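*Asks:* Please see the structure below; I have some questions.
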Amino acid sequence: MSSPDPIRRAERCPVCGKPVAPAHTPFCSQGCRDRDLLQWLGEGYRVPGPRTETDEQE
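Every letter in the sequence shown is one number past the one before it in our numbering, and letter 55, counting from 1, is 798.
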């Protein structure tokens, strides 16, 4: 089985997979843009790493 074409994958919304709308690139709608922003604001895209001193104090 071959891997998905990277160009085709870029034409899909990263949130829901629907085709991208030019007005909302790289998303399909304002709703998906907002959901992605909320993920960033809510630290949903955090990268795990070593604990910091402030984490240990809490």
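The C-beta atom is built at its ideal place from N, Cα and C for all residues, glycine as well.
Just so you know, these numbers come straight off a predicted model, no measurement behind them.
At what residues does the alpha helix (DSSP H) containing Gly760 begin and finish?
*Replies:* Counting along the chain, Gly760 falls outside any alpha helix (DSSP H), and DSSP gives it neither H nor E.
*Asks:* To the nearest angstrom, report how far apart Phe770 and Gly792 are at their CA atoms.
*Replies:* Roughly 29 Å between the two C-alpha positions.
*Asks:* Applying the criterion that 16 or more other CB atoms from any shown protein chain within 10 Å of the CB defines a buried residue, is Cys756 buried or exposed?
*Replies:* Per the 10 Å Cβ criterion, buried.
*Asks:* Using a Cβ-Cβ cut-off of 8 Å (strictly less than) and excluding sequence neighbours within five positions of Asp779, which residues of its own chain qualify?
*Replies:* Correct list, in chain order: Pro757, Val758 and Phe770.
*Asks:* On the DSSP bridge assignment, give the partners of Arg755 in chain order.
*Replies:* Answer by DSSP bridge pairing, in chain order: Pro762.
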